[in-house]
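Asks:
Number of protein chains: 2
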Amino acid sequence: MKTVTETIKETIKAADLAISSENFDELMEAYTEDACFVAKPGIIVSGKNEIRQAFVNISEHFNHSLIVTQGEMHVIPAGDVALVIMETNLQVTDASGDVSEKKRRATYVYKNASGRWLCAVDNSYGTALLDE
Amino acid sequence: MKTVTETIKETIKAADLAISSENFDELMEAYTEDACFVAKPGIIVSGKNEIRQAFVNISEHFNHSLIVTQGEMHVIPAGDVALVIMETNLQVTDASGDVSEKKRRATYVYKNASGRWLCAVDNSYGTALLDE
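Heads up: the sequence lines are chains A and B, in that order. Under this note's numbering, the first residue of the first sequence carries the number 1282, and numbering increases by one thereafter. Under this note's numbering, the first residue of the second sequence carries the number 1282, and numbering increases by one thereafter.
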């Protein structure tokens, strides 16, 4: 049987693949109904409709070139919730074909709902929110 | 009526006062039964008994001089859970009377249980866990 950490790692990997492949319907399956997403510092959207639209906007902003992968990850489960601290790698390609990469230190809250671990708070900016 | 953010801010302030005054019985009221506490990077304890003992050890380690206060705080609630990103200030006084201060960028998960917001994951190291 998989540990909570293994399950959440797989869930995040699948979600990041869904972002990279712009499969937003599948991506929304990874969130709770009342999830919150930090679209950028100061801009928090909530609920699947708003989160989906934010990902559509982000995808367009990066000319459909965004590829998201995971670096090191710490999962700290506590009963039916878990804190995830994760290095997330963002790769984008601009109109001239130049590739650039960014690393962020993300913080997520996952919640076990009816046996499935879903993302309740998605803050890819981590503690960098305090810089704003 | 108080917002979730206001309620959680007051809860954290009361918990930090309880740490500073070594009122560990009161402090334990702020945690869920199956809470996890990052005592230091790599050392995670869980449940009120272990967390209480960790705070007793920390208090002794700092010669009962530890004073914890809050800096800037972001609370991101999503239904019955919330992510907290917070600057926490630690002040300790050594045996010779010298005072030193540290700032950390903490990450906490709070959970609403029967109308009360309780700490489920207490990670004062924030994303610095990725440095280890």
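C-beta: ideal position from N, C-alpha, C; glycine also. All figures in this text were calculated on a predicted structure; none of them were measured in a lab.
Compare the Cα-Cα distances from Leu1347(B) to each of Lys1329(B), Ile1366(B) and Gln1372(B) and report the closest residue.
Replies: Gln1372(B)
Asks: In angstroms, rounded to a whole number, what distance separates the CA positions of Ile1332(B) and Cys1317(B)?
Replies: 8 Å
Asks: Identify every run of the beta strand (DSSP E) within the stretch 1293-1364 of chain B, keeping only runs that are complete inside it and at least 3 residues long; order them along the chain.
Replies: 1312-1321, 1324-1327 and 1348-1359
Asks: Kindly indicate if chain A contains any beta-carbon less than 8 Å away from that of Gly1396(B).
Replies: no
Asks: For Glu1368(A), which three-state DSSP category applies?
Replies: Reduced to three states, the DSSP call for Glu1368(A) is strand.
Asks: Do Val1365(A) and Tyr1446(A) count as a contact pair if the criterion is CB distance below 8 Å?
Replies: Within the shown structure, residues of chain A are numbered from 1282 to 1413, placing residue 1446(A) beyond reach of any answer.
Asks: Considering only heavy atoms of the ligand SAH, does any lie closer than 7 Å to the CB of Lys1329(B)?
Replies: This structure does not include the ligand SAH; it has no bound ligands of any sort.
Asks: CA-CA distance, Ile1293(B) and Glu1287(B)?
Replies: 10 Å
Asks: Report the option in Ala1394(B), Phe1305(B) and Val1362(B) whose CA atom is closest to the CA atom of Asp1315(A).
Replies: Val1362(B)
Asks: Use the C-beta contact count for Ile1289(A): other C-beta atoms within 10 angstroms, 16 or more gives buried, fewer gives exposed.
Replies: Buried.
Asks: Which residue from Val1326(B), Pro1358(B) and Gly1378(B) puts its Cα closest to that of His1345(B)?
Replies: Gly1378(B)
Asks: Can Asn1370(B) and Glu1382(B) be called in contact, C-beta distance under 8 Å?
Replies: Yes. Within cutoff.
Asks: Look at the alpha carbon of Asp1403(B) and the alpha carbon of Ala1376(A), and state the distance between them as a whole number of angstroms.
Replies: 43 Å
Asks: Grab me the residues of Phe1336(B)'s own chain with a C-beta within less than 6 Å of its C-beta, minus the 5 sequence neighbours each way, in chain order.
Replies: Phe1305
Asks: Are there 16 or more other CB atoms within 10 angstroms of the CB of Met1354(A), so buried, or fewer, so exposed?
Replies: buried
Asks: Between the C-alpha atoms of Asp1297(B) and Ala1311(B), what's the straight-line distance to the nearest angstrom?
Replies: About 10 Å.
Asks: My guess is that Met1309(A) and Lys1329(A) are in contact by the Cβ rule of under 8 Å, so how many angstroms apart are they, rounded?
Replies: Between the beta-carbon of Met1309(A) and that of Lys1329(A) there is about 5 Å, and that keeps the pair under the 8 Å contact cut.
Asks: So who's on the other strand from Ser1381(B), going by DSSP bridges?
Replies: Val1373(B)
Asks: With a cut-off of 8 Å, does the C-beta of His1345(A) fall near any C-beta of chain B?
Replies: no
Asks: Which one of Gly1360(A), Val1326(A) and Leu1399(A) has the shortest CA to CA distance from Cys1400(B)?
Replies: For the residues Gly1360(A), Val1326(A) and Leu1399(A), the minimum Cα distance to Cys1400(B) belongs to Gly1360(A).
Asks: Rounded to the nearest angstrom, what separates Lys1321(A) and Asp1412(B) at their Cα positions?
Replies: Lys1321(A) and Asp1412(B): Cα-Cα distance of roughly 24 Å.
Asks: Whole angstroms is fine: what's the gap from Glu1303(A)'s alpha carbon to His1342(B)'s?
Replies: If I take the Cα positions, the gap works out to 51 Å.
Asks: List the DSSP bridge partners of Ala1409(B).
Replies: Paired residues: none, contrary to the question.
Asks: In three-state DSSP terms, what is Thr1388(A)?
Replies: Of the three classes helix, strand and coil, the one that applies to Thr1388(A) here is strand, per DSSP.
Asks: For Ser1327(B), tell me which candidate among Ile1339(B), Thr1313(B), Asn1338(B) and Ser1340(B) has the shortest Cα-Cα distance.
Replies: Thr1313(B)
Asks: Would you kindly check if the distance between the Cβ of Thr1388(B) and the Cβ of Phe1408(A) is under 8 Å?
Replies: Per the sequence shown, the amino acid found at residue 1408(A) is Thr instead of Phe. Their beta carbons are under 8 Å apart, which means Thr1408(A) touches Thr1388(B) by this criterion.
Asks: To the nearest angstrom, how far is the alpha carbon of Glu1307(A) from that of Gly1352(B)?
Replies: 39 Å
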